[in-house]
Amino acid sequence: MSTPAQGLPGQGIRVAHPPPLSLYVHIPWCVRKCPYCDFNSHELRGELPETRYIEALVADLEAALPWVWGRRVRSVFLGGGTPSLLSEAGLEACLTALRTRLPWEPEAEITLEANPGTFESARFAAYREAGVNRLSVGIQSFSDRHLQALGRIHDASAAHRAAEIAARHFSNFNLDLMFGLPGQSPDEALADVRAALSHGPTHLSCYQLTLEPNTPFYHRPPVLPEHDLVAGMEEAIAAWLAEAGFGHYETSAYARPGFRCAHNLNYWTFGDYLGIGAGAHSKLTLQDRVVRQMRHRHPEAYMKGALQGNAVQESHEVDLADLPFEFMMNAMRLCEGVPLSLYEQRTGLSLATVLPVLDRVEALGLVARDWQTLRPTVRGQRFLNELLQHFLPE
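Have a look at this one:
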C-alpha cells in the first residue's frame with residue numbers, strides 16, 4: 053500500500069487560515085460506570101470536588117490560551133462522565149469563567165450531556181439560564197429489560213421523564229439510543245425510536261452496541277443479536293427516521309432540518325478543538341503543523357497537574373503521512389461527504405498527495421466524487437473501516 057502523502061520529502065504543511073475552533077470540557081465522574089463504556093469516566097465516591105475541579109479547568113484553559121490567541125469558539129460541549137452532576141451554581145461559574153477567558157461566537161452552540169438518573173426540572177431550567185442551549189440525554193433505551201442489561205442507573209419511567217424535562221426547557225435537544233442490545237429484536241429497536249420521537253427531539257444519535265476493549269462487556273461478553281439482524285435494525289431505523297423527517301447526515305446521527313450538531317460537524321470536517329478536563333483530547337492547527345494533545349486521565353492527577361500549570365500529559369505533532377488518514381477518518385463519516393477543497397484547507401496538503409488513493413477507492417465503489425465533492429457511497433458507509441485502511445501510511 054502506498055503512502056498517501058509520499059513524494060513530498062521535507063515539505064511541511066501550509067495552512068492559510070486556521071479551521072473553526074470548538075471547546076470540549078470533560079467532566080469525568082459518573083454515579084456508576086456502565087459495563088460497555090470505554091470513555092474516561094470514574095465512579096463518584098464521596099462528594100464531587102466541584103470547586104477544585106472548576107478551578108483546574110480554568111487554570112487548564114489559561115495555560116492553553118497561547119495556542120488559540122485571536123480565535124473565537126463556535127461550539128462548546130460539556131461531556132463525560134456525567135456533566136449533569138454539576139450543581140446549577142457550579143455550571144454557571146464554570147461557563148462564566150471559560151467565556152471570559154476565551155471569546156465565543158454570539159450564537160455558539162453550547163451542549164450539555166445529561167444522564168436520566170440525574171434529572172431534576174429546576175436544575176435543568178437553571179442550566180438553560182446559565183447559557184446551555186442544547187441538551188444531549190443518554191437514554192439508550194426505553195425498555196426496562198434492556199436498560200438493566202446495559203447496567204444503566206435509570207429505568208424506562210425515568211427515561212421518559214428525562215425526555216419530557218428536556219423538551220420542556222430546551223428547543224434543541226438530542227436523545228442517545230443504542231441498538232443491537234442483548235436479546236433485542238428489530239421490533240424492540242424500532243419501539244425505542246418511536247418512544248424517542250414521541251418526545252419531539254430535534255436530533256437522535258443511534259449507536260450500535262459494540263464490545264470495546266478494557267470494559268466488563270468485552271471480558272464477559274453478553275449474547276448479542278447476529279450481524280445480519282443488527283444490520284437490519286440499522287436499516288429499519290434509518291427508514292423510519294427518514295419518514296419522520298430526520299436527515300441521516302452522519303454515521304450515527306439523524307437531525308431535523310436546521311438541527312445538525314455544530315460541535316460534531318466541526319469534528320467531522322477536521323476542524324480544531326481545544327479539550328480541557330481529565331483525559332480530554334485537543335487537535336490544534338498552526339500554520340505549518342497539526343498538534344494533538346491529551347490531558348492527564350485520572351481526575352486527581354489532572355487537578356494536581358492543571359493547578360500547577362501542567363495539565364497536558366501527551367503532546368505531539370501529527371506526522372505528515374498520517375494527515376490524509378486522519379482527515380478521511382472524520383470526513384467519510386458524513387453521508388453527504390465534504391467539498392474536495394476542504395482537504396487542502398484543513399490538512400495544508402495538496403490534493404495531489406491523495407489522488408492515487410482516491411482513484412483506487414472510487415474504482416472499488418467505496419467513494420463517489422465529482423470536481424467539487426467527495427462522499428462515501430452506501431457501500432463505503434457500510435464498510436467504512438475498509439475504506440479508511442486505504443489511506444493508512446505504510
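Going by this note's numbering, the residue at position 304 of the sequence shown is 356; the numbering climbs one at a time, nothing skipped. All residues carry an ideal CB built from backbone N, CA and C; glycine is no exception.
- Query: For Gln433, which option in Thr303, Leu242, Glu216 has the closest C-alpha, if you only look at C-alpha atoms?
  - Reply: Along the sequence shown, read from residue 1 onward, the residue named residue 433 stands at position 381. Minimum Cα distance to Gln433 is reached at Thr303.
- Task: Closer than 7 Å by C-beta to Val413: which residues in its own chain qualify, once you throw out the five before and the five after it? Chain order, please.
- Result: The sequence position of residue 413 within the sequence shown is 361, counting from 1. For Val413, where only same-chain residues beyond five positions count, the Cβ hits under 7 Å are Val419, Leu439, His442.
- Query: To the nearest angstrom, how far is it from the Cα of Ala208 to the Cα of Asp196?
  - Reply: What you label residue 208 is simply residue 156 of the sequence shown in a count that begins at 1. What you label residue 196 is simply residue 144 of the sequence shown in a count that begins at 1. Straight-line Cα distance between these residues: approximately 5 Å.
- Where Asn226 sits in the DSSP three-state scheme: Counting from one through the sequence shown, the residue named residue 226 turns up at place 174. Correct three-state label for Asn226: strand.
- Query: Hey, out of Ser257, Ala111, Arg180, whose CA is closest to Arg153's CA?
  - Reply: In the sequence shown, residue 153 corresponds to position 101, counting from 1. Considering only alpha carbons, the answer is Ala111.
- Can you round the beta-carbon distance between Pro168 and Arg124 to whole angstroms, since I take them to be within the 8 Å contact cut? Mapped onto the sequence shown, residue 168 falls at position 116. Mapped onto the sequence shown, residue 124 falls at position 72. Actually they do not touch by this definition, with Cβ atoms about 33 Å apart.
- Uninterrupted alpha helix (DSSP H) stretches inside the stretch 178 to 233 (no shorter than 4 residues): 196 to 202, 208 to 221
- Which one of His206, Ile191, Thr148 has the shortest CA to CA distance from Glu181? Against the sequence shown, residue 181 aligns to sequence position 129. The candidate whose alpha carbon is nearest that of Glu181 is Thr148.
- Task: Buried or exposed for Ile65, please, with buried defined as at least 16 other CB atoms from any protein chain shown within 10 angstroms of its CB.
- Result: In the sequence shown, counting from the first residue as 1, residue 65 sits at position 13. It is buried - the Cβ of Ile65 has at least 16 other Cβ atoms within 10 Å.
- Roughly how many angstroms separate the alpha carbons of Gly62 and Val342, rounded to a whole number? Residue 62 sits at position 10 when you count from the first residue of the sequence shown. Residue 342 sits at position 290 when you count from the first residue of the sequence shown. Residue placement at Gly62 cannot be trusted, given a pLDDT of 36 that sits under 50; what the coordinates show is reported in the next sentence. A direct Cα-to-Cα measurement between Gly62 and Val342 gives close to 16 Å.
- Task: Would you kindly check if the distance between the Cβ of Gly389 and the Cβ of Thr425 is under 8 Å?
- Result: Here residue 425 refers to the residue found at position 373 when the sequence shown is read from its first residue. Here residue 389 refers to the residue found at position 337 when the sequence shown is read from its first residue. In this structure, Gly389 lies closer than 8 Å to Thr425 by Cβ.
- Task: Establish whether the CB of Asp239 and some CB of chain C are separated by less than 8 Å.
- Result: Of the protein chains in this structure there is only one, and it is not chain C.
- Item | Status (buried if at least 16 other CB within 10 Å, exposed otherwise) for Arg17 | There is no way to answer for residue 17, as the model of the chain reaches only from 53 to 446.
- Message: By the three-class DSSP mapping on this structure, what secondary structure does Ser393 have?
- Response: Counting from 1 along the sequence shown, the entry for residue 393 is found at position 341. Helix, per DSSP.
- Thinking just about the alpha-carbon of each residue, which of Ala314, Gly252, Pro268, Ser193 is nearest to the one in Glu240? Along the sequence shown, one-based indexing puts residue 240 at 188. Closest option to Glu240, Cα to Cα, is Ser193.
- Query: Residues in its own chain within less than 8 Å of Gly284 by CB, not counting five upstream and five downstream?
  - Reply: As a first step, residue 284 must be located in the sequence shown, where it is residue number 232. Excluding positions up to five away in sequence, the list reads Pro238.
- Message: Closest to Ala215 by C-alpha separation, out of Gly235, Gly190, Ala404, Leu407, would be which residue?
- Response: Locating residue 215 in the sequence shown gives position 163, counting from the first residue. Nearest option by C-alpha distance: Gly190.
- In terms of DSSP beta bridges, what is Leu75 paired with? The residue labelled residue 75 in the question sits at position 23 within the sequence shown. Bridge partners of Leu75: Val128, Leu326.
- Message: Quick check: what's the CA-CA separation for Gly133 versus Cys82?
- Response: What you label residue 133 is simply residue 81 of the sequence shown in a count that begins at 1. What you label residue 82 is simply residue 30 of the sequence shown in a count that begins at 1. Near 5 Å, if we compare the C-alpha coordinates of Cys82 and Gly133.
- Is Glu378 buried or exposed, if buried means 16 or more other CB atoms sit within 10 Å of its CB? What you label residue 378 is simply residue 326 of the sequence shown in a count that begins at 1. The residue is buried, with at least 16 neighbouring Cβ atoms inside 10 Å.
- Task: Return the CA-CA distance between Arg213 and Leu137, expressed in angstroms with no decimal places.
- Result: Here residue 213 refers to the residue found at position 161 when the sequence shown is read from its first residue. Here residue 137 refers to the residue found at position 85 when the sequence shown is read from its first residue. Rounded to whole angstroms, Arg213 to Leu137 spans 17 Å at the Cα level.
- Item | DSSP three-state assignment for Ala166, whether helix, strand or coil | In the sequence shown, the residue the question calls residue 166 occupies position 114. It is a strand residue.
- Message: Taking the beta carbon of Gly331 as the centre, do at least 16 other beta carbons fall within 10 Å, making it buried, or is it exposed?
- Response: Walking along the sequence shown from the start, residue 331 turns up at place 279. When all chains shown are included, Gly331 counts as buried.
- Host beta strand (DSSP E) of Lys335 (start-end): One-based indexing of the sequence shown puts residue 335 at position 283. Lys335 -> beta strand (DSSP E) spans 333 to 337.
- Item | beta strand (DSSP E) segment containing Met355, residue limits | Here residue 355 refers to the residue found at position 303 of the sequence shown. Note, Met355: premise wrong, no beta strand (DSSP E); alpha helix (DSSP H) at 351 to 359.
- Message: Along the chain, where does the alpha helix (DSSP H) containing Pro268 start, and where does it finish?
- Response: Position 216 of the sequence shown, counting from 1, holds the residue named residue 268. Element bounds for Pro268: 268 to 271.
- Item | Backbone CA spacing between Met53 and Leu436 [nearest angstrom] | Position 1 of the sequence shown, counted from the first residue, corresponds to residue 53. Position 384 of the sequence shown, counted from the first residue, corresponds to residue 436. The pLDDT assigned to Met53 is 39, lower than 50, so where the model puts this residue is not dependable; a value taken from the coordinates is nonetheless given after this. Each residue's alpha carbon lies about 17 Å from the other.
- Query: Does the distance from the C-beta atom of Asn318 to that of Arg151 stay below 8 Å?
  - Reply: Your numbering for residue 318 matches position 266 in the sequence shown. Your numbering for residue 151 matches position 99 in the sequence shown. No. Outside cutoff.
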